[in-house]
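**Student:**
Numbering (the UniProt record's numbering), first residue to last: 1 to 746.
(1) Which residue's Cα is closest to the Cα of residue 826: 707, 151, 126, 127?
(2) Can you name the start and end residues of the beta strand (DSSP E) that residue 374 belongs to?
(3) Quick check on DSSP: helix, strand or coil for residue 129?
(4) Please list, in chain order, all residues of the same chain as residue 742 whose beta carbon is under 7 Å from its beta carbon, the five residues on each side excluded.
(5) Between which two residues does the alpha helix (DSSP H) harbouring residue 192 extend?
(6) Classify residue 739 as helix, strand or coil using the three-state DSSP reduction.
(7) In chain order, which beta strand (DSSP E) runs of at least 3 residues are fully inside the region 298-327?
(8) For residue 442, which of 458, 434, 435 has the nearest alpha-carbon?
(9) Say whether the region 304-324 touches the region 346-357, bearing in mind that this needs 3 or more beta-carbon pairs closer than 8 Å, one atom from each stretch.
(10) What are the boundary residues of the beta strand (DSSP E) that includes residue 355?
(11) Buried or exposed: residue 664, going by 16 or more other Cβ atoms within 10 Å of its Cβ?
(12) Can you give the beta carbon distance from residue 775 to residue 48, rounded, assuming they're within the 8 Å contact cut?
(13) Shorter than 7 Å from the beta carbon of residue 67 to some beta carbon of chain B?
(14) Look up residue 4 in the DSSP assignment and give the residues it is bridged to.
(15) Report all residues from its chain with a CB closer than 7 Å to the CB of residue 425; omit the five preceding and five following residues, and keep chain order.
(16) From the DSSP secondary-structure annotation, give me the bridge partner or partners of residue 290.
(17) State yes or no: is the C-beta of residue 259 within less than 7 Å of the C-beta of residue 275?
(18) Does DSSP put residue 756 in a helix, in a strand, or in coil?
(19) Can the beta-carbon of residue 756 be found less than 7 Å from the beta-carbon of residue 364?
(20) Quick check on the burial criterion: 16 or more other C-beta atoms within 10 angstroms. Buried or exposed for residue 721?
(21) Any idea what DSSP makes of residue 471, helix, strand or coil?
(22) Between the Cα of residue 132 and the Cα atoms of 73, 168, 52, which residue gives the shortest distance?
(23) When the distance is taken between beta carbons, is residue 404 closer than 7 Å to residue 381?
(24) What would DSSP say about residue 14, mapped onto helix, strand or coil?
(25) Is the number of C-beta pairs between the region 463-475 and the region 568-583 that are closer than 8 Å three or more?
(26) What residue does the beta strand (DSSP E) around residue 227 start on, and which one ends it?
(27) Sort 362, 421, 401, 371 by Cα distance to residue 790 and report the nearest one.
(28) Which residues in the same chain have their Cβ closer than 6 Å to the Cβ of residue 751, if we skip the five residues on either side of it in sequence?
(29) Can residue 261 and residue 114 be called in contact, C-beta distance under 7 Å?
(30) Within 8 Å, do at least three Cβ pairs link the region 537-555 to the region 607-624?
(31) Check for me: the beta strand (DSSP E) holding residue 175 runs from which residue to which?
(32) Where does residue 345 sit, in a helix, a strand or coil, going by DSSP?
(33) Let me check understanding here. Comparing Cα to Cα, which of 13, 231, 544 lies closest to residue 79?
(34) Within 10 Å of its beta-carbon, does residue 369 have 16 or more other beta-carbons around it, so buried, or fewer, so exposed?
(35) DSSP state of residue 203, grouped into three classes?
(36) Could you give the C-beta distance for residue 17 and residue 65, rounded to a whole number, given that I count them as a contact under 8 Å?
Pasting the structure below:
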C-alpha cells in the first residue's frame, strides 16, 4: 500500500528534524513525514566525539525534538526506514522493507558517512569510524578496556576524538599525512595545535600515513608508510566523509560531491530539495558551488529548505561556520580560508586571545578566532557576508582593542514612492555620489523602484543616468508669472495628456471593442511606454551581477500580500518595476507569472522593513530619502488639501521600534549573563564560542540612519506629486541635492 504525504523529509539528523519543525512553524498544512535510517529519534551528533566517549556510562542521546513534540506538531515518524530509491517523475520513494511513499514536496537530508580506508587489515575488530550513536558507544566501550589508541586524521573530528580518548586516560597517538587542521592554511596555527596536544600527552605524528593494520583476533598495531610500527588496542579513523547519495541512482537528481542544488537548495528535479552535509549548494557569498560539513550549517539549511518548500524562494547566503572544542581550547572558524591570500592577525595564540583575518583584495573571506569576544566574531561574520572592503580599516585590524563594530558593513538607499517627487531622489543621489557614498543595496517602491532600478543598472554613473531619465520624463509647461498658477496649469495638462514616455491617457487610445470602452476601464492611464523607457536605462539581464542589490515591493491584489522582488533572487524585468508603481486608479495592475500587482506603497511606502528582513540591521548605514514630511503647521483648507494631507500621512516614513521586544531581548541577555556568572570559568570560555551563543548574545553593530527630508512648502498645490513639468522637476532635483548636502553636514 502506498502512503501519501504533502511533505516528506528523508534524514534523521539536525537538518531533517529542524526542517519538519520549521514547516509547522511556518504554517504548513497537510501531512508531514520524517524518515530516519536509524532506530533512534533524531539526536544531536556533536556530543558523539566528546561526552559520548569520555563518560563512564553511556549517556542518553540528546534528542533534537522529543517524542511528545513530534506528536504536538503532528509529524509522522518512520524510523529504521532507509530509503532505497527515488522516482522523481512519479514523486515516489521506496524504503525498506519494500514500502512506497508518495510526496508532494521532498527534502533530502541524509548527511554524509565516514570514508573507509582500503588498507590491509582495515576490517579487523577494534578499528572504528565515528558517525552514529552506535559508533560512539562502541568507541567508548573499547576505550573503557583499552590502553593505547591510534587516531588517524588531523581534522576537526580526529583532534576531538584524540582529545576525548586522552581525557579518558588512554595513551594516544595521532597520525596526520599533512599538517593539523590543514584547512586553516596557516603553518603557525598547525604548529600551535601540535604543541598543545603534545603538552596534554598526545603523541602527534605529521607527514606520515597508515600503510596497514596488524593483528590476529583484533587490531594490535598500525604500520605507517614511513615504517613506524605503533602498538595499540584500538584505532579511530577520521579520514573524511562521503555524502550519502547512493540511493539516488536513476532518480534524475543531479549528484556530484553531494546533491547539486541551487541557492534556494532546490535540486535539478522539481519539488525536491536538499540540505545539510549532503547538499552541494551554490554559495552567493563566495560565488561557488560547495558542501559544508557542520551542524550549524545543517540547522540553517534545514530551516531555509523548509521555507522554500512552502514557496518563499529565499537564497541561502550564510557564512560557513565551524566550532570546535579540544581539551581547554575552544575556537571558531568562519568563511572559506582558501579564498584568502592575505592574513592579518591580532592578539596572541599563546595568551589564549587570538584572531586571524583572511582577506582577498582587502575583503574579508575567513576568520579564525580563539578566546576573542563574541561581539567581534558576530561583526566579522557580517563583514564577510556582505563583502565589505576593509582597505581603510586594515591598518587597525591587528590592534586587539580596535572595535570592528565601527565599520559599516552595507550602505543602503531607501527610496520612497511619490510620483514627480522622485526628482528629489535624483538630486539626493547626485549629492551622495559626490560625497563618495555609493549603495550596496537600494530598496524602492513606486517611483523609488524606477530610480532604484536605474541606480542598480548603472552603478558607476547612477547620478548621470538618473538625470537623463528625469530629463526624458519631464514635460513642457507654459511660463506664467504666478508660480502657483503655473504648477496648477502644468498638473492639468499632465492629467489630460499624460507623460509621453511614461504613461498615456486611455481616452486618447482606440476604442475598437467593448473591453476598451470606459465602462470596462480599471485605470485611467496606460503604462506601456514605461517598458521601453526602463529598457533604455537598465540592462535587466545584468542586474543579478550588479554590485548594487535592488529590492522593490508590490501588492498582490488577490491575497493583499506585500511581495518583494529581489535582483539577487529573481530575474527582474521592466514589469517588476512597473508593478511596484501600479497605483490605482491611475495605473492598471501589472501581471507577472499569472499574479496581479498594484503599487507597493499601498501597504508600505518606505521599504526599510523589507531590507532589514532580508539583510539584517546590524552595521547598516541607511540613507532614507523622505518625500513626505511628517509634520505640517497648517490644517487643510479644502477638500483637495485634505486628500493631499491624507496621502502625506499614509506615505511618510515611520521608523518602527518595538520597545517591548527590545526590552525582552535586553532582559534575556541580562539573565544569561547572570547564569553565566555562576558557572566555572572554563565552561564559560567554551560556551562563548558556540554559534548560538554568539548569535544570541553577541551585540550587534549599530544601524545608523540619515534622513534626507524633502522641503514641504505650505503653498504647494495638492497635485504637485504628479507635476512632471520641467520647471518643477528641476526644482525638486535642486532641492534634493541641497537638502542632502545639508543632512551630510556639507
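Ideal Cβ positions, reconstructed from N, Cα and C, are used throughout, including at glycine.
**Tutor:** Here's the rundown:
(1) For the chain, the structure presents residues 1 to 746; residue 826 sits outside this window and is missing.
(2) Premise fails: residue 374 lies in the alpha helix (DSSP H), 374-385, not in any beta strand (DSSP E).
(3) strand
(4) none
(5) 187-199
(6) helix
(7) 321-326
(8) 458
(9) no
(10) 353-360
(11) exposed
(12) Given that the chain is displayed from residue 1 to residue 746, the structure contains no residue 775 and the question cannot be resolved.
(13) Considering every chain present, this structure includes no chain B. It has just one protein chain.
(14) 102
(15) 415, 448, 451, 625, 736
(16) 281
(17) no
(18) Because the chain here runs from 1 to 746, residue 756 falls outside it and cannot be looked at.
(19) For the chain, the structure presents residues 1 to 746; residue 756 sits outside this window and is missing.
(20) buried
(21) helix
(22) 52
(23) no
(24) helix
(25) no
(26) That residue, residue 227, is in no beta strand (DSSP E); it is neither H nor E in DSSP.
(27) The structure shown has nothing for residue 790, since the chain only spans 1 to 746.
(28) Outside the displayed range of the chain (1 to 746) lies residue 751, so it cannot be described from this structure.
(29) no
(30) yes
(31) 171-176
(32) strand
(33) 13
(34) buried
(35) strand
(36) 6 Å
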